[in-house]
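Engineer: Sequence order for the protein chains is A and B. By the count of UniProt numbering, the first sequence reaches residue 336 at its end, each step adding exactly one. By the count of UniProt numbering, the second sequence reaches residue 336 at its end, each step adding exactly one. Before I ask anything, here is the structure I am working with.
2 protein chains.
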Amino acid sequence: MTLNRQIILASRPDGAASADNFKLQEAPLPPLAEGEVRVRHHYLSLDPYMRGRMNDSKSYTAPQALGEPMGGGTVGEVVESRFEGLAPGDRVLGHGGWQEWSQLPGKAWTKLPTDDAVPLSYYLGAVGMPGVTAWVGLNEIIQPKAGDTVLVSAASGAVGSAFAALAKARGCHTVGIAGGPEKCAYAEQELGFDVCVDYRPHADAQSLSKALKAVCPNGVEGYFENVGGMIMNAVLPRMNAFGRIALCGLIAGYDGAPTAIDNPSLFLIQRLKMQGFIVSEFPKSWAPALKELGDLVKAGKLRPRETVAQGLEHAPEAFFGMLKGKNFGKQLVKLI
Amino acid sequence: MTLNRQIILASRPDGAASADNFKLQEAPLPPLAEGEVRVRHHYLSLDPYMRGRMNDSKSYTAPQALGEPMGGGTVGEVVESRFEGLAPGDRVLGHGGWQEWSQLPGKAWTKLPTDDAVPLSYYLGAVGMPGVTAWVGLNEIIQPKAGDTVLVSAASGAVGSAFAALAKARGCHTVGIAGGPEKCAYAEQELGFDVCVDYRPHADAQSLSKALKAVCPNGVEGYFENVGGMIMNAVLPRMNAFGRIALCGLIAGYDGAPTAIDNPSLFLIQRLKMQGFIVSEFPKSWAPALKELGDLVKAGKLRPRETVAQGLEHAPEAFFGMLKGKNFGKQLVKLI
């Protein structure tokens, strides 16, 4: 009998979330039902949106149920199948959650190619949801022309990495914002950013805004926002007329820190457009996005870095580290 | 020799603007040059955007030059013409500014119909720039379907009045926000709003938001913003998924009061779109907008109220009254 280790949401955070909100448990796998597949998870994806699901508040996804394994994207291998379209040995992508195994209907999984050069873990990052997120924000909302200046916060993360490769492919002046000199050097040297600005030495939005002005001398046409707060307040004065802001995340506020937009009159003065979005609501974008992202990886133009925690029991620690920006590129947990 | 009375911008405001920033002066009209027309202004339009032009700061229009007559929309009658397309007696619309007469190139004026039932002053309001502003925000940005709930702040003003008639014509549940029970009663009884909420009794955004919830039980699909600050913070929690915000003005902040958007995460959670806009940048909208607005007036479905100050010397006082919401409907100055 196979024992499945799981991390469940044991309690909801009161303000800041902590490892105490999670609990590791073991449960035997039941027999496989008709139509299901048994999948051994190889990697679990850790993503900022999971923090929102820990709360019991109105959001774009239902709150994570208490006492259940945390939801999350996984890649793995089919070990046993009672579903016609999948066979043992198939590599699959789906929402297996924070556990080592899952038994879900076969149709809940996407079968991955076995004959390409893309590592399995990339399907959770650059050639997965975060990569498609960058693609949608860039193409559906920012819609840049060659020569435009585009800016992204959390530049060295999974979304930022893909954003840089996609924006460079469109001939944009591509600027990142990240925390610390190592991440900025990585963004410039490996991810293809023309320049990356370290926000950490700046005490306030005004100071950061001045630094952004120096590297965006012609202003900014498109901004992809993952962070919010001081960073958004620093970027807004740099936006050119008719600029577009793709609002993807506000990680600065996930634990309750203030993220107010101090000067909304800039939206009026510069006729800016801001749109919040969720990648799952752009189903038609996935196929072209995954194709382009895969091609960029194969061409060596998208070389995402990963931070990999080893073992399910380290998922909470890795998750909170990511929320504080301790990861370097896509944060994963290796489960096998 | 005709003496022309003018109000010039004598100094720029330091924080709050006051009548001291203006100066009334008299100047003789020079001989009319080739291509020009001499126009006797009948009405001067007072509009919130003029407050922004008093400052010497980056905005979507150039600052008002010091020592020159304040710019502004006017309607009047041609008295003398050295321009082929206009003759004495023609009714015209243009930017004559805060003065009793002007001598401008004839091509700067739009000749108005003489055979319709639309009063001359309406071409500065419901069938003019403010009306077209409402049309653009509603049709180009909010794009409502029949049955949608749409909300507008400064509901009883020139823009709000037109917004109500246009939104009702599209089958929307049309809700206004205005200051005081008289304006709200007027909005409901004369302008066609289904309901109008008085913001004045509410001490904070949370209280106003609760009142809005009561009259928008199904949430809000589209919001037309003229005010900002507490009112925007009260509206945002009422927005439904994929809601659209047409950002037209932030009158609450024109004298430096805080207008921060306290909780931008609502844009993400509800995938909202917000767009700042200026009516002059939608040239293709003017003809269909003016046609529809004129038809609504003739059909008695748009009956804008006007607040008319008598005499150029009262323009500054009327202007500051409007910025504080003392006007009732379109604020004009009658010059003849």
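Think of the CB as a built atom: it goes at the ideal place given N, C-alpha and C, for glycine as much as any other residue.
Would the segment 26-42 of chain B and the segment 106-125 of chain B be scored as touching if the rule is three or more Cβ pairs under 8 Å?
Structural biologist: yes
Engineer: Does B/I231 have its Cβ less than 8 Å from a Cβ in chain A?
Structural biologist: The count along the second sequence starts at 1 and reaches residue 231 of chain B at position 231. Taking Cβ atoms only, chain A never reaches closer than 8 Å to B/I231, which makes this a no.
Engineer: Quick one: what's got a C-beta closer than 7 Å to A/R51's C-beta in the same chain, skipping five residues either side?
Structural biologist: Reading the first sequence from its first residue, position 51 is the one you call residue 51 of chain A. Excluding positions up to five away in sequence, the list reads A17, Y254 and L323.
Engineer: I need the boundaries of the beta strand (DSSP E) containing A/M239, first residue and last residue.
Structural biologist: Looking up residue 239 of chain A in the first sequence gives position 239. Element bounds for A/M239: M239 to L247.
Engineer: Going by DSSP, which residues form a beta bridge with A/E26?
Structural biologist: As a first step, residue 26 of chain A is located in the first sequence; it is residue number 26 there, counting from the start. For A/E26, which the question treats as bridged, DSSP gives the partners A/R5.
Engineer: Would you mind giving the Cβ-Cβ distance between B/V150 and B/G222, rounded to the nearest angstrom? I have them listed as a contact below 8 Å.
Structural biologist: As a position in the second sequence, residue 150 of chain B is number 150, starting the count at 1. As a position in the second sequence, residue 222 of chain B is number 222, starting the count at 1. So it is a contact: roughly 4 Å between Cβ atoms.
Engineer: Of all Cβ atoms in chain A, is any one closer than 8 Å to the Cβ of B/T259?
Structural biologist: Residue mapping note: residue 259 of chain B aligns to position 259 of the second sequence, counting from 1. Chain A, which has a Cβ nearer than 8 Å to the Cβ of B/T259, makes this yes.
Engineer: Could you check the C-alpha separation between A/G76 and A/F320 for me, to the nearest Å?
Structural biologist: One-based indexing of the first sequence puts residue 76 of chain A at position 76. One-based indexing of the first sequence puts residue 320 of chain A at position 320. Cα-Cα distance, rounded: 24 Å.
Engineer: Give the secondary structure of A/Q270 by DSSP, where H, G and I count as helix, E and B as strand, and everything else as coil.
Structural biologist: Along the first sequence, one-based indexing puts residue 270 of chain A at 270. Coil at A/Q270, not helix or strand.
Engineer: What does B/I177 reach in chain A if we use C-beta pairs closer than 7 Å?
Structural biologist: Here residue 177 of chain B is taken as the residue at index 177 of the second sequence, counted from 1. In chain order: nothing, as chain A lies at least about 17 Å away.
Engineer: Along the segment 258-279 of chain B, what residues have a CB closer than 9 Å to any CB found in chain A?
Structural biologist: Within the segment 258-279 of chain B, contact with chain A at the beta-carbon level (separation under 9 Å) is assigned to P258, T259, A260, I261, D262, N263, P264, S265, L266, F267, L268, I269, Q270, R271, L272, K273, M274, Q275, G276, F277 and I278.
Engineer: Are A/F282 and A/E140 close, meaning C-beta to C-beta below 8 Å?
Structural biologist: For the purposes of this step, residue 282 of chain A is identified with residue 282 of the first sequence, where counting begins at 1. For the purposes of this step, residue 140 of chain A is identified with residue 140 of the first sequence, where counting begins at 1. Result yes, Cβ atoms of A/F282 and A/E140 sit closer than 8 Å.
Engineer: Under the assumption that B/V132 contacts B/V279 (Cβ atoms under 8 Å), give the Cβ distance between them as a whole number of angstroms.
Structural biologist: The residue you call residue 132 of chain B lines up with position 132 of the second sequence. The residue you call residue 279 of chain B lines up with position 279 of the second sequence. Indeed, because the Cβ distance is near 5 Å, the residues count as touching under 8 Å.
Engineer: Mapping the DSSP letters down to three states, classify B/Q275 as helix, strand or coil.
Structural biologist: On the second sequence, position 275 is the one that residue 275 of chain B refers to. The answer is strand: DSSP assigns B/Q275 an E or B state.
Engineer: In the segment 154-199 of chain B, which residue ranges form an unbroken alpha helix (DSSP H) of at least 4 residues, counting only runs that do not cross its ends?
Structural biologist: As far as the segment 154-199 of chain B is concerned, its whole alpha helix (DSSP H) runs of at least 4 residues are 158-169 and 181-189.
Engineer: Pairs of beta-carbons, one from the segment 215-230 of chain B and one from the segment 195-205 of chain B, closer than 8 Å: are there three or more?
Structural biologist: As far as the Cβ criterion goes, the segment 215-230 of chain B touches the segment 195-205 of chain B, which means the pair count is three or higher.
Engineer: For B/G98 versus B/V39, is the C-beta distance shorter than 8 Å?
Structural biologist: Walking along the second sequence from the start, residue 98 of chain B turns up at place 98. Walking along the second sequence from the start, residue 39 of chain B turns up at place 39. Reading off the sequence shown, one finds Trp at residue 98 of chain B, where the question assumed Gly. Cβ atoms of B/W98 and B/V39: not closer than 8 Å.
Engineer: What does the Cβ neighbour count give for B/E306, buried or exposed, with the cut at 16 atoms within 10 Å?
Structural biologist: Here the question's residue 306 of chain B lines up with position 306 in the second sequence. Counting of Cβ neighbours within 10 angstroms places B/E306 among the buried residues, the total reaching 16 or more.
Engineer: How is B/E140 classed by DSSP in three states: helix, strand or coil?
Structural biologist: Residue numbering aside, residue 140 of chain B sits at position 140 when the second sequence is read from its first letter. Note: B/E140 maps to helix in three-state DSSP.
Engineer: Does DSSP put B/A10 in a helix, a strand or coil?
Structural biologist: Working through the second sequence from its first residue, we reach residue 10 of chain B at position 10. In the structure shown, B/A10 sits in coil (DSSP, three-state: anything other than H, G, I, E or B).
Engineer: Check whether chain C comes within 8 Å of A/G311, counting only Cβ atoms and requiring the distance to be less than that.
Structural biologist: The structure shown contains no chain C; the protein chains it does contain are A and B.
Engineer: In three-state DSSP terms, what is A/K291?
Structural biologist: Locating residue 291 of chain A in the first sequence gives position 291, counting from the first residue. In the structure shown, A/K291 sits in a helix (DSSP, three-state: H, G or I).
Engineer: Fully enclosed by the segment 112-136 of chain B, which alpha helix (DSSP H) runs are 4 residues long or longer?
Structural biologist: 129-136
Engineer: List the residues of chain B that A/G228 touches, going by C-beta distances under 7 Å, in chain order.
Structural biologist: For the purposes of this step, residue 228 of chain A is taken as the residue at position 228 of the first sequence. Those within 7 Å of A/G228 in chain B are P264.
Engineer: Which residues in chain B sit within 9 Å of A/S11, going by Cβ to Cβ distance?
Structural biologist: Along the first sequence, read from residue 1 onward, the residue named residue 11 of chain A stands at position 11. What A/S11 touches in chain B: nothing, since even the nearest Cβ is about 22 Å away.
Engineer: Going straight from the alpha carbon of B/Q64 to that of B/I7, what length do you get?
Structural biologist: Indexing the second sequence from 1 puts residue 64 of chain B at position 64. Indexing the second sequence from 1 puts residue 7 of chain B at position 7. Near 12 Å, if we compare the C-alpha coordinates of B/I7 and B/Q64.
Engineer: Would a check of beta-carbon distances place A/L250 closer than 8 Å to chain B?
Structural biologist: Along the first sequence, one-based indexing puts residue 250 of chain A at 250. It does: the Cβ of A/L250 has a partner Cβ on chain B nearer than 8 Å.
Engineer: Please go through the same chain and pick out, in chain order, the residues whose beta-carbon is closer than 8 Å to the beta-carbon of A/K301, but skip the five residues on each side of it.
Structural biologist: Reading the first sequence from its first residue, position 301 is the one you call residue 301 of chain A. Contacts found: A165, K168, A169 and G192.
Engineer: Could you tell me whether the segment 173-190 of chain A touches the segment 144-158 of chain A, using the rule of 3 or more Cβ pairs below 8 Å?
Structural biologist: yes
Engineer: Assuming B/G222 is part of the beta strand (DSSP E), what are its boundary residues?
Structural biologist: Taking the first residue of the second sequence as 1, we reach residue 222 of chain B at position 222. It spans V220 to E225 - the beta strand (DSSP E) in which B/G222 sits, taken as one unbroken run.
Engineer: Quick one: list the residues of chain A neighbouring B/L247, beta-carbon separation under 8 Å, in chain order.
Structural biologist: As a working note, residue 247 of chain B is residue 247 in the second sequence. Those are P264, F267 and L268, listed as they occur along chain A.
Engineer: Apart from the five residues on each side of it in sequence, which residues of its chain come closer than 7 Å, Cβ to Cβ, to B/R271?
Structural biologist: Your numbering for residue 271 of chain B matches position 271 in the second sequence. Excluding residues within five positions, the ones whose Cβ falls inside 7 Å are A241 and F242.
Engineer: Can you name the start and end residues of the alpha helix (DSSP H) that A/G321 belongs to?
Structural biologist: In the first sequence, residue 321 of chain A corresponds to position 321, counting from 1. Where A/G321 is concerned, the enclosing alpha helix (DSSP H) stretches over A315 to L323.
Engineer: If distances are taken between C-alpha atoms only, which option among A/T114, A/L290 and A/D194 comes closest to A/P88?
Structural biologist: Working through the first sequence from its first residue, we reach residue 88 of chain A at position 88. For A/P88, the nearest C-alpha among the options comes from A/T114.
Engineer: Smallest Cα separation from B/Y122: which of B/L138, B/K145, B/L86 and B/A162?
Structural biologist: Taking the first residue of the second sequence as 1, we reach residue 122 of chain B at position 122. Considering only alpha carbons, the answer is B/A162.
Engineer: Span of the beta strand (DSSP E) holding B/A309?
Structural biologist: For the purposes of this step, residue 309 of chain B is identified with residue 309 of the second sequence, where counting begins at 1. B/A309 -> beta strand (DSSP E) spans E306 to Q310.
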